[in-house]
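Take a look at the structure set out below.
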Amino acid sequence: MQEGQKRMEQINNVEQYRDLSESDRLKVLWATSEKLRFLISKCSSDTGEDNLWKQQSYNFALTPPSSNWFNHLQMTAEEVTTGRVVGFCEVAMLSNPLVQEEDVNVDE
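The sequence shown begins at 1101 in the working numbering and counts up by one.
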């Protein structure tokens, strides 16, 4: 996800993109970041865990319908002396992008 954050910072620093809606910025991000698309595709297919990208047999040529698809909580383990990442895991997807808030019934 660092790749996505880095690319979004670059996009936000380009004057012509500053006034775009979140949806349009997501389209720019997706269209201009082949590395990000590749990394998400590879990670979602290589993992043994079920995930939204795999469940949907997602076509990575298309922009995701919402930036909620990127809302993940992850933990990373580093080697203290070198700072080298030695492991990571996804803890949770923070929101389900396929469920609209008004569709959620908290009484169930």
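A virtual CB, placed ideally from N, CA and C, is assigned to each residue, including glycine.
Inter-residue CB distance, residue i and residue j (contact presumed, cutoff 8 Å)
i, j, result
"L1139", "T1163", "Not confirmed; about 16 Å, so no contact."
"N1170", "R1137", "At residue 1170 the sequence reads Phe, which differs from the Asn that was named. About 12 Å separates the two Cβ atoms, so there is no contact after all."
Close Cβ partners of residue i (< 7 Å) along its chain, the five nearest in sequence each way excluded
i, result
"K1135", "E1103"
"G1183", "none"
"N1141", "Residue 1141 is actually Ser in this sequence, not Asn. Correct list, in chain order: F1160."
Three-state secondary structure (DSSP) of residue i
i, result
"T1176", "strand"
"V1114", "coil"
"G1183", "coil"
"F1160", "coil"
"S1166", "coil"
Pair within 9 Å by beta-carbon distance, residue i and residue j
i, j, result
"S1144", "K1154", "yes"
"S1123", "R1107", "no"
6 Å CB neighbourhood of residue i in its chain, flanking five on each side removed
i, result
"V1114", "none"
Same chain, Cβ closer than 8 Å to residue i, neighbours up to 5 away in sequence not counted
i, result
"V1128", "I1111, Y1117, L1120"
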